[in-house]
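Under the working numbering, the residue at position 51 of the sequence shown is numbered 42, and the numbers go up by one with no gaps. Every residue gets a Cβ at the ideal spot worked out from N, C-alpha and C, and that includes glycine. Being a predicted model, the structure only gives us computed values, none of them experimental. Only one structure is covered here, and it is reproduced in the block below.
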Amino acid sequence: MANKTYRTCQNCGTVNLNRDYCKNCGEIININLKRKLEREQKAKEKTASEKVKKKIKSPSYLNTQRNMKMYLHTILHVSFIPFVSWCSP
Ligand SMILES: [Zn+2]
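Structure (structure tokens):
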């Protein structure tokens, strides 16, 4: 290889040649890779939190509709069935 990149590990001080990760402790020593990974991690966290927000938002809306239906259903049954059974001989 023509390009020799020496990177010193910030964690343990080991000098690594042409490596992205420290051969001694496994720490990321390629700062560009580290930043890229951090960016990807943040993007992932952002989309995950947005998904969670959406998840929380839509079921609560659905739940209120479902609850309303259940409520009306129950009211109808509770008031209608005894009325019919009372009226019928
Ligand atoms: Zn190290």
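| query | Looking at the unbroken beta strand (DSSP E) that takes in residue -1, where does it start and where does it end? | reply | Position 8 of the sequence shown, counted from the start, is the residue given in the question as residue -1. From DSSP, the beta strand (DSSP E) with residue -1 extends over -3 to -1.
| query | Looking at the structure shown, is residue 7 part of a helix, part of a strand, or coil, going by DSSP? | reply | As a working note, residue 7 is residue 16 in the sequence shown. It is a strand residue.
| said: So, for residue 6: in the same chain, excluding its five sequence neighbours on each side, which residues have a beta-carbon less than 6 Å away from its beta-carbon? | reply: For the purposes of this step, residue 6 is taken as residue 15 along the sequence shown, with counting starting at 1. Cβ within range, chain order: -3, -1.
| Hey, residue 1 and residue 18 are a contact pair by Cβ (cut 8 Å); roughly how many whole angstroms apart? | Looking up residue 1 in the sequence shown gives position 10. Looking up residue 18 in the sequence shown gives position 27. Indeed they touch by this definition, with Cβ atoms about 7 Å apart.
| query | Based on the DSSP output, what are the partners of residue 19 in its beta bridges? | reply | Taking the first residue of the sequence shown as position 1, residue 19 is located at position 28. In the DSSP output, where bridge partners are listed per residue, residue 19 has 12.
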